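Order-wise, the sequence lines are chains Y and E.
Using our numbering, the letters of the first sequence correspond one by one to residues 1413 to 1617.
Using our numbering, the letters of the second sequence correspond one by one to residues 363 to 829.
Note that beta-carbon positions come from the ideal geometry of N, C-alpha and C, so glycine has one too.
These numbers come from a predicted model, not from an experiment.
For reference, the structure is listed below as structure tokens.
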Amino acid sequence: MTSRKKVLLKVIILGDSGVGKTSLMNQYVNKKFSASYKATIGADFLTKEVLVDDRLVTMQLWDTAGQERFQSLGVAFYRGADCCVLVYDVNNAKSFDMLDSWRDEFLIQASPNFPESFPFVVLGNKIDVEESKRAISQKRAMAFCQSKGNIPYFETSAKEAINVEQAFEVIARNALAQEESEDFSDDFPGTININLDNDQSGCAC
Amino acid sequence: MRSLQESRQRWKEFNAYNSKDSLKDDILRKQLTSSPCDGIRSLCWKLFLYLPDFAPPTWSPVLSSSRDVFTTLRAKLLGPLETGNIGIYDGDPDHPIDPLAEGPSNPWSKLRKDEELRREIIQDLERCMPDHDYFRSEKVQKQMLDVLFVYCKLNADMGYRQGMHEIVAPILWVVDNDAVQADFEEILENEKYMLEALDPAYVEHDTFSLFQAVMHSARPWYELGEDSDDIGEKGNSPIVEKSRMIHEDLLMAVDPQLARHLKELEVLPQVFLIRWIRLLFGREFPFDQLLVLWDSLFAEDPDFTLVDYICVAMLLRIRWELLEFDYSMTLTLLLRYPQPKHPNLPATFVSDAIYLRNHLDLSGGAYIISKYSNRTPAPVPMLSPAQSPPTSPSRRGIRSSDSPVRRTMSPIAGQTARTIPSSSGLDRLVNDLAKGVVGRSKGWGLGKPIERLMEELQWNKPFENEK
């Protein structure tokens, strides 16, 4: 594809209530953190323009309510997503256990053409909280991500802006790859490469 | 809390009204200035939502039985958590239960479930109205928690749904704020009615009663639609169906150009309407203006069918911007609704909604659009009844059933004569509980949860003495 049409990337952020989805999105887009974000009701929306390999793309970031199950927003909401970000709180084991069902349910609702290669990114948030509260080790989280087809994994702190920029760079890149593969999907079914440079994925802390 | 002095003046003014309708008319008329409910809002909301009659001497029995219901529910449902006496869950002291056994009959596992539910609610209360100091108080958060917990236990099939906390919050604030402290002061004979209705000892009780009355109408918006008869086409939840109806039926009837524009942009109406509707517009407008909007809404239509038309009125007020905007700008505008400026404060959406309910057609839409912009929408040639039959599909491929039908004699007009039900849900619930008649509460959608609760808690005992 040689055209340089305006690229819109649809990114959906999912995860249990209170893991920091809204905070991550606001840290990334507005470079701000507030300890007092209200609970998201339904969904919220922010956009950000970014350069990916000299290509200007607009990311449409969809923040969702953690308590919302998929029926509330309707199937159409998930369709056409280019990347799905799964967030959990590293200090909350239950939010980690739920990642698998968030992922499965997303694939059912969004029904992408090639579910096995659809790009997810997992974020383990709130690493700024003291170590003694930590419930899920980095090793365990990475093992999970590996078992699900090498999902890129980042440990983040929306509060202290740790790894947020890096994570969303990968999200943008993988979303763009997904968008382009959809354009070509008739010719090259299911061949996108979601492997990343090692120094980008994984935790930098 | 208010002083008697302060409330006395309000009460005097209140006594100038002789019916709910006269109060309502004044509320709607004064939308541009101040609400007649100011300072005595707690009483006005009770009148509109659960006190069956306007005459003050009729209030006492309803107030006291509604308060009794909450006292009993609270003791039953919160007792085990507060006292640690799980025997209340299971009245058989002769058969001790293994606390580690799994299963629904184990009272310990019920206790753990309850604690989980409370944690879930607390998580939202901690971030409820963060800019409002009142809601940072531990006491206030505990009151909201207890009200929500009792409601969620009563409605165990639904449980806690995010957003309920922001319905409770303004209610508690109003009830607490308008309560009157009148110890040792001499009072006039008829002031005792006001003092009973605004008794500071029953802030939590009255908050529960008001919340329950609001949720009686609002509950379907929170339902997921699983295992329910309410699932619409494509398995959508009730709120998604409602959003679709607001977009494709109501907005399409009054402003087809805007309705089609949103459709072409593929803006899903539920994306913004879920929040608008579930919170009764609580996030869209400043707190003090929201209360005035609620005055009008509760006065005009405690069943909240007007909410759909308020959404349409809000869309019409920003329709010129929406028609110009692309997808991202449109969603940004809808999810960050512009702050209405004086004199067009949020309560005016209620008047617009009433107008639209009675004029659900192109001219009704054009009237509301031009009222705020001095511009009238372009004629819609394809859909003008003179030029094409309303059933023909439009060239943009919108289903023919979406085409607005010009309704000169709208059946909706009949709704202007609607009056508030003589017996509110709460009132009936109170009576039914008191009489131990569960069946009759089914009409209010409360049958199932109460039946279940009674089974679980051997409910009828506390009322036996009252017979």
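Return the Cβ separation of residue i and residue j in integer angstroms, given the expectation that the two are a contact with Cβ distance under 8 Å.
i: E/Ile881; j: E/Val674; result: Shown here, chain E extends from 363 to 829; a query on residue 881 of chain E therefore has no answer.
i: E/Cys406; j: E/Leu425; result: Going by Cβ atoms, the distance from E/Cys406 to E/Leu425 rounds to 14 Å, so no, they are not a contact pair.
i: Y/Glu1589; j: Y/Val1469; result: As written in the sequence, residue 1589 of chain Y is Ala, which differs from the Glu given in the question. About 11 Å; that fails the 8 Å criterion.
i: Y/Cys1496; j: Y/Phe1518; result: 5 Å
i: E/Leu695; j: E/Val629; result: About 10 Å separates the two Cβ atoms, so there is no contact after all.
i: E/Leu390; j: E/Ser658; result: 6 Å
i: E/Tyr836; j: E/Leu572; result: Because chain E here runs from 363 to 829, residue 836 of chain E falls outside it and cannot be looked at.
i: Y/Ala1579; j: Y/Thr1568; result: 6 Å
i: Y/Asn1504; j: Y/Val1431; result: 7 Å
i: E/Phe546; j: E/Leu439; result: Wrong, their Cβ atoms sit about 35 Å apart, outside the cutoff.
i: E/Thr738; j: E/Ile731; result: 7 Å
Residue i bridges to which residues according to DSSP?
i: E/Asp665; result: DSSP, once it has assigned bridges, lists no residue as partnering E/Asp665.
i: Y/Glu1455; result: First, the residue type needs correcting, since residue 1455 of chain Y is Ala and not Glu in the sequence shown. The partner list for Y/Ala1455 (beta bridge, DSSP) reads Y/Thr1476.
i: E/Gln543; result: E/Ser365
i: Y/Glu1567; result: Y/Gly1536
i: E/Val712; result: Paired residues: none, contrary to the question.
i: E/Asp519; result: Answer by DSSP bridge pairing: none, since E/Asp519 is not bridged.
i: Y/Val1497; result: Y/Ile1425, Y/Val1533
i: Y/Glu1461; result: Y/Thr1470
i: Y/Leu1420; result: Y/Thr1470
i: Y/Ile1574; result: Y/Ser1569
With a threshold of 7 Å (Cβ to nearest heavy atom), would residue i be considered close to the ligand NAD?
i: E/Asp611; result: With respect to small molecules bound, the structure shown includes none, and the ligand NAD cannot be examined in it.
As a quick exercise: from the options, pick the residue whose alpha carbon is nearest that of residue i.
i: E/Ser615; options: E/Glu478, E/Leu678, E/Ser381; result: Just to set this straight, residue 615 of chain E is Ala in the shown sequence, not Ser. Comparing Cα-Cα distances from E/Ala615 to each of E/Glu478, E/Leu678, E/Ser381, the minimum goes to E/Leu678.
i: Y/Asp1456; options: E/Arg719, E/Ser690, E/Phe546; result: E/Ser690
i: E/Asn706; options: E/Lys392, E/Leu685, E/Phe376; result: E/Lys392
i: E/Pro648; options: E/Met676, E/Asn517, E/Met491; result: E/Met491
i: E/Thr434; options: E/Thr738, E/Val509, E/Gln524; result: E/Val509
i: Y/Phe1566; options: Y/Glu1572, Y/Val1582, Y/Ser1559; result: Y/Val1582
i: Y/Tyr1449; options: E/Asp383, E/His494, E/Ser365; result: E/His494
i: E/Leu642; options: E/Gly727, E/Asn552, E/Val530; result: E/Val530
i: Y/Asn1537; options: Y/Arg1515, Y/Leu1511, Y/Ile1520; result: Y/Leu1511
i: Y/Lys1551; options: Y/Val1502, Y/Asp1465, Y/Leu1473, Y/Lys1444; result: Y/Val1502
i: Y/Lys1560; options: Y/Glu1543, Y/Trp1514, Y/Glu1461; result: Y/Trp1514
i: Y/Leu1421; options: Y/Trp1474, Y/Lys1433, Y/Asp1540, Y/Ile1453; result: Y/Trp1474
i: E/Arg622; options: E/Leu685, E/Phe660, E/Ala661, E/Ile672; result: E/Leu685
i: E/Asp486; options: E/Val512, E/Asn736, E/Glu528; result: E/Glu528
i: E/Val576; options: E/Phe410, E/Ser365, E/Arg481; result: E/Phe410
i: E/Glu369; options: E/Asp663, E/Leu550, E/Ser381; result: Rather than Glu, the amino acid found at residue 369 of chain E in this sequence is Ser. Ranking E/Asp663, E/Leu550, E/Ser381 by Cα distance to E/Ser369 puts E/Leu550 first.
i: E/Met363; options: E/Glu603, E/Val537, E/Gly727, E/Pro418; result: E/Val537
i: E/Lys408; options: E/Glu610, E/Ala559, E/Thr710; result: E/Ala559
i: Y/Ala1488; options: Y/Ala1555, Y/Asn1562, Y/Gln1521, Y/Tyr1500; result: Y/Gln1521
i: Y/Ala1402; options: Y/Ile1574, Y/Leu1458, Y/Pro1524, Y/Asp1509; result: No answer is possible for residue 1402 of chain Y: the residues shown for chain Y start at 1413 and end at 1617.
Are the C-beta atoms of residue i and some chain A residue less than 8 Å apart?
i: E/Leu439; result: In the structure shown, chain A cannot be found, because the protein chains are Y and E.
Between the stretch 1428 to 1441 of chain Y and the stretch 1542 to 1549 of chain Y, do three or more beta carbon pairs fall short of 8 Å?
-> Of all C-beta pairs linking the stretch 1428 to 1441 of chain Y to the stretch 1542 to 1549 of chain Y, fewer than three are shorter than 8 Å, placing the two stretches out of contact.
Interfacial residues, the stretch 469 to 489 of chain E to chain Y, with Cβ spacing under 7 Å = Hits within the stretch, in order: Gln485, Asp486, Arg489.
Residues, ordered as in the chain, of the stretch 1439 to 1450 of chain Y that lie near chain E by beta-carbon distance below 9 Å = If you check each beta-carbon in the stretch 1439 to 1450 of chain Y against every beta-carbon of chain E, the ones closer than 9 Å belong to Ser1446, Ala1447, Ser1448, Tyr1449, Lys1450.
Residues of the stretch 702 to 728 of chain E whose Cβ lies closer than 7 Å to any Cβ of chain Y, in chain order = So nothing in the stretch comes that close.
Which residues, in order along the stretch 1459 to 1480 of chain Y, keep a beta-carbon less than 9 Å from a beta-carbon of chain E?
-> Listed by position, the residues of the stretch 1459 to 1480 of chain Y near chain E (Cβ gap below 9 Å) are Thr1459, Thr1470, Gln1472, Trp1474, Ala1477, Gly1478, Gln1479, Glu1480.
Pull out every residue of the stretch 1533 to 1547 of chain Y whose Cβ sits closer than 7 Å to any Cβ of chain E, in chain order.
-> Going along the stretch 1533 to 1547 of chain Y in chain order, one finds no residue with a Cβ nearer than 7 Å to chain E.
Three CB pairs or more closer than 8 Å across the stretch 1419 to 1434 of chain Y and the stretch 1474 to 1486 of chain Y | Flag = yes, the stretch 1419 to 1434 of chain Y and the stretch 1474 to 1486 of chain Y touch.
Chain E contacts made by the stretch 1574 to 1597 of chain Y, where a contact means CB separation under 9 Å | So nothing in the stretch comes that close.
Inter-stretch contact at 8 Å, needing at least 3 Cβ pairs: the stretch 653 to 673 of chain E / the stretch 400 to 414 of chain E | Yes, the stretch 653 to 673 of chain E is in contact with the stretch 400 to 414 of chain E.
Please determine if the stretch 561 to 570 of chain E and the stretch 416 to 434 of chain E are in contact, where contact requires at least 3 C-beta pairs separated by less than 8 Å.
-> Between the stretch 561 to 570 of chain E and the stretch 416 to 434 of chain E there are three or more inter-stretch CB-CB distances shorter than 8 Å, so the stretches are counted as touching.
Looking at chain E, which residues of the stretch 1485 to 1502 of chain Y have a Cβ within less than 8 Å of any of its Cβ atoms?
-> Of all residues in the stretch 1485 to 1502 of chain Y, the ones placed with a Cβ closer than 8 Å to any Cβ belonging to chain E are Leu1485, Gly1486, Val1487, Ala1488, Phe1489, in chain order.
Evaluate the contact criterion for the stretch 1518 to 1538 of chain Y versus the stretch 365 to 385 of chain E: three or more CB pairs, one atom per stretch, below 8 Å.
-> They do not touch, by the three-pair rule.
How about the stretch 622 to 641 of chain E and the stretch 508 to 517 of chain E: do they share at least three Cβ pairs that are nearer than 8 Å?
-> Contact between the stretch 622 to 641 of chain E and the stretch 508 to 517 of chain E is absent: fewer than three C-beta pairs spanning the two stretches fall below 8 Å.
Select from the stretch 615 to 631 of chain E all residues with a C-beta closer than 9 Å to any C-beta belonging to chain Y, and list them in chain order.
-> Those residues of the stretch 615 to 631 of chain E placed with their C-beta closer than 9 Å to a C-beta in chain Y are Glu628, Leu630, ordered along the chain.
Within 9 Å of chain E by C-beta, residues of the stretch 1422 to 1437 of chain Y in sequence order | Residues are counted here when their Cβ sits less than 9 Å from a Cβ of chain E; for the stretch 1422 to 1437 of chain Y these are Ser1429, Gly1430, given in chain order.
May I ask you to list, following chain order, the residues of the stretch 1501 to 1532 of chain Y that have a beta carbon less than 8 Å from some beta carbon of chain E?
-> Answer in chain order: no residues at all.
Given a limit of 8 Å on CB to CB distance, which residues of the stretch 649 to 679 of chain E reach chain Y?
-> Taking 8 Å as the cut-off between beta carbons, none of the residues of the stretch 649 to 679 of chain E comes near chain Y.
Chain E contacts from the stretch 1550 to 1575 of chain Y (Cβ-Cβ distance under 9 Å) = Listed in sequence order: no entries.
Chain Y contacts made by the stretch 511 to 532 of chain E, where a contact means CB separation under 9 Å = Those would be Tyr522, Arg523, Gln524, Gly525, His527, Glu528, in chain order.
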